[in-house]
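One structure is given below, encoded as structure tokens.
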Amino acid sequence: MIEAHCQRLQAEALAYAAGHARKHDRFDGTIQALSRRYQTDPASPFQRLKHNSRSKDLYTLKLIEAGFGKRALAALKIGDFYRWYDAAKKPKGSGGPERVRRAYGIIKKLRELFAYGIMAELPECDRLYAILRHARFKQPARRRVSMELSHAEAFIATAVEMGRLSLALGTALQFETALRQKDVIGEWEPIPEGEGAGTFMLRGRRWANGLTWSDIDANLVIRKATTKTGAFAAHDLKLCPLVRDLIEMIPHEARVGPVIIDELAGRPFAESAYGREWRVVARAAGVPDHVWNMDARAGAITEAEDAGADLDHIRSAAAHSQTATTQRYSRGALGKSRHVAELRMAHRTARNGS
Numbered sequence: 024m025i026e027a028h029c030q031r032l033q034a035e036a037l038a039y040a041a042g043h044a045r046k047h048d049r050f051d052g053t054i055q056a057l058s059r060r061y062q063t064d065p066a067s068p069f070q071r072l073k074h075n076s077r078s079k080d081l082y083t084l085k086l087i088e089a090g091f092g093k094r095a096l097a098a099l100k101i102g103d104f105y106r107w108y109d110a111a112k113k114p115k116g117s118g119g120p121e122r123v124r125r126a127y128g129i130i131k132k133l134r135e136l137f138a139y140g141i142m143a144e145l146p147e148c149d150r151l152y153a154i155l156r157h158a159r160f161k162q163p164a165r166r167r168v169s170m171e172l173s174h175a176e177a178f179i180a181t182a183v184e185m186g187r188l189s190l191a192l193g194t195a196l197q198f199e200t201a202l203r204q205k206d207v208i209g210e211w212e213p214i215p216e217g218e219g220a221g222t223f224m225l226r227g228r229r230w231a232n233g234l235t236w237s238d239i240d241a242n243l244v245i246r247k248a249t250t251k252t253g254a255f256a257a258h259d260l261k262l263c264p265l266v267r268d269l270i271e272m273i274p275h276e277a278r279v280g281p282v283i284i285d286e287l288a289g290r291p292f293a294e295s296a297y298g299r300e301w302r303v304v305a306r307a308a309g310v311p312d313h314v315w316n317m318d319a320r321a322g323a324i325t326e327a328e329d330a331g332a333d334l335d336h337i338r339s340a341a342a343h344s345q346t347a348t349t350q351r352y353s354r355g356a357l358g359k360s361r362h363v364a365e366l367r368m369a370h371r372t373a374r375n376g377s
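Numbering (the numbering used here), first residue to last: 24 to 377.
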């Protein structure tokens with residue numbers, strides 16, 4: 024009887040290890056159980072995230088599970104969250120900067136986990152969400168750096184000299200049109216079920232969403248739906264000298280498929296490769312390390328406001344849905360304050376004259 028009982032238990036253990044009859048939605052009241060339910064529940068908001076957002080989510084969830092995944096929800100108090108936040112923001116190395124963005128990202132994700140737990144009717148989540156809703160944690164500072172015209176011109180000239188026309192053209196397009204990097208160079212996405220692989224494949228993913236020559240008509244006008252909001256961006260490249268001069272270097276017969284092709288690989292840039300290669304050229308061009316490729320969009324918007332362009336027109340050109348978003352990208356622009364100062368001076372002159 025003992026032998027038979029052991030054999031049955033062994034068979035059950037092997038079946039469990041193989042995934043049979045395992046309850047994937049089992050909830051034992053811990054943070055890790057909540058995290059796993061959030062990731063596997065078909066009704067979870069996690070299932071409706073884009074693939075790149077899901078990857079960022081998983082990175083933070085792994086930090087949470089490794090750091091305090093075994094903690095029971097019923098035992099958590101406000102002091103636990105402040106302690107975890109303080110630990111997460113500690114510098115990576117001695118004398119380094121505090122990692123506020125990392126710490127705040129963990130708290131933000133915990134709020135989202137508890138919000139999901141409320142929807143899934145899991146115990147303790149309502150109480151913990153209420154605690155974090157009222158608690159205040161220092162947020163990471165907004166980025167204040169923008170690419171200037173001198174940076175863009177120096178980079179483009181150096182990239183052309185180094186034989187990296189793709190990097191030069193990509194940067195020129197970003198700076199002149201305020202398009203996001205992803206909308207210019209594209210991304211590698213998982214292949215949706217039932218859909219084709221596409222022209223370019225890399226590690227089981229297909230290239231998508233980047234600018235193609237079919238998005239640019241014979242009059243050098245771009246019309247493209249942006250990836251983030253779906254809003255259409257339209258730009259006349261004849262009025263963008265940095266881009267126009269580079270396009271003239273590309274033979275007409277080569278203007279097929281993706282606009283930005285990695286010369287070294289013969290295909291669109293692999294994930295992270297564009298930024299890595301961009302920095303090599305940027306350093307050779309004397310562009311400071313604190314200026315990133317993504318700052319080209321902020322540079323375009325800041326220059327437009329400095330030039331006195333109407334903010335709503337800038338919003339439309341940047342394909343933003345709200346003016347408040349456009350204002351966040353304007354970093355240190357003098358356009359509006361200069362116009363206000365001019366009106367005040369004119370008013371003083373008129374008043375003194377009367």
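Glycine is no exception: its CB is placed at the ideal position from the N, C-alpha and C atoms.
Computed from a predicted structure; not experimentally measured.
query, result
"Could you give the distance in angstroms between the alpha-carbon of R302 and the alpha-carbon of D318?", "13 Å"
"How big is the Cα-Cα spacing for A284 and S344?", "The sequence given here places Ile at residue 284; Ala does not occur at that position. Between I284 and S344, the C-alpha separation is close to 30 Å."
"On the three-state DSSP scale, how would you describe T250?", "coil"
"Beta-carbon separation of A308 and A182 under 9 Å?", "yes"
"So, are the CB atoms of R228 and I214 less than 9 Å apart?", "yes"
"Using a threshold of 9 Å, state whether the C-beta atoms of R314 and H174 are closer than that.", "Reading off the sequence, residue 314 comes out as Val, not Arg. Yes; because the gap between Cβ atoms is below 9 Å, this pair is in contact."
"Between A340, N232, A241, which lies nearest to K205 when the distance is taken from Cα to Cα?", "N232"
"So within the stretch 199-248, which uninterrupted alpha helix (DSSP H) runs reach at least 4 residues, ignoring any that extend past its ends?", "204-208"
"Which of the three DSSP states, helix, strand or coil, is assigned to A257?", "strand"
"DSSP on R77, reduced to helix/strand/coil?", "helix"
"Give the straight-line distance between the Cα atoms of T325 and S169, rounded to the nearest whole angstrom.", "8 Å"
"Tell me, which residues are paired with T348 by DSSP?", "Answer by DSSP bridge pairing: none, since T348 is not bridged."
"Roughly how many angstroms lie between the CA atoms of A114 and M224, to the nearest whole one?", "A quick correction: the sequence has Pro, not Ala, at residue 114. Looking at the two C-alpha atoms, the distance is approximately 38 Å."
"What three-state label does DSSP hand R290 in the structure shown?", "strand"
"Determine the contact status of Q55 and K93, defining contact as a CB-CB distance below 9 Å.", "yes"
"In angstroms with no decimal places, state the Cα-to-Cα distance between Q33 and R49.", "22 Å"
"So T200 packs on G128, CB below 8 Å; how close in whole Å?", "The Cβ separation is near 30 Å, so there is no contact."
"Return the Cβ separation of A277 and A342 in integer angstroms, given the expectation that the two are a contact with Cβ distance under 8 Å.", "Not a contact, Cβ separation roughly 28 Å."
"Can you check the stretch 116-160 for any alpha helix (DSSP H) of at least 4 residues that lies completely inside it and give the ranges in chain order?", "123-142, 148-157"
"Please classify K261 as buried or exposed, where buried requires at least 16 other C-beta atoms within 10 Å of its C-beta.", "exposed"
"Using a Cβ cut-off of 9 Å (strictly closer), state whether R338 contacts chain B.", "Here there is only one protein chain, and chain B is not present."
"How about the stretch 145-164 and the stretch 116-132: do they share at least three Cβ pairs that are nearer than 8 Å?", "yes"
"By how many angstroms is the C-alpha of A143 removed from the C-alpha of A44?", "Low local confidence applies: a pLDDT of 49 at A44 is under 50, so the model's placement there is unreliable, with the coordinate-based value given in what follows. Distance between the alpha carbons of A44 and A143 is about 22 Å."
"Considering Cα atoms alone, identify which of T348, L234, W236, F160 is closest to R338.", "T348"
"Tell me which residues share the same chain as P291 and place their Cβ nearer than 7 Å to its Cβ, disregarding the 5 neighbours each side in the sequence.", "I208, G209, F223, W230, G233, P281, I283, I284, D285"
"Kindly give me the distance between the Cβ atoms of D80 and L72, rounded to whole angstroms, as I take these residues to be in contact under 8 Å.", "6 Å"
"Are the beta-carbon atoms belonging to A340 and A327 less than 9 Å from one another?", "yes"
"Applying the 10 Å Cβ sphere with the 16-neighbour rule, what's the burial state of K161?", "exposed"
"Please tell me whether, using a cut-off of 8 Å, the distance from the CB of Y152 to the nearest non-hydrogen atom of the ligand ATP is below it.", "Absent from the structure shown: the ligand ATP. Ligands present: none."
"CB D312 to CB A305, shorter than 9 Å?", "yes"
"DSSP puts A332 in a beta bridge; with which residues?", "Answer by DSSP bridge pairing: none, since A332 is not bridged."
"Give me the Cα-Cα distance between D64 and D51, rounded to the nearest whole angstrom.", "15 Å"
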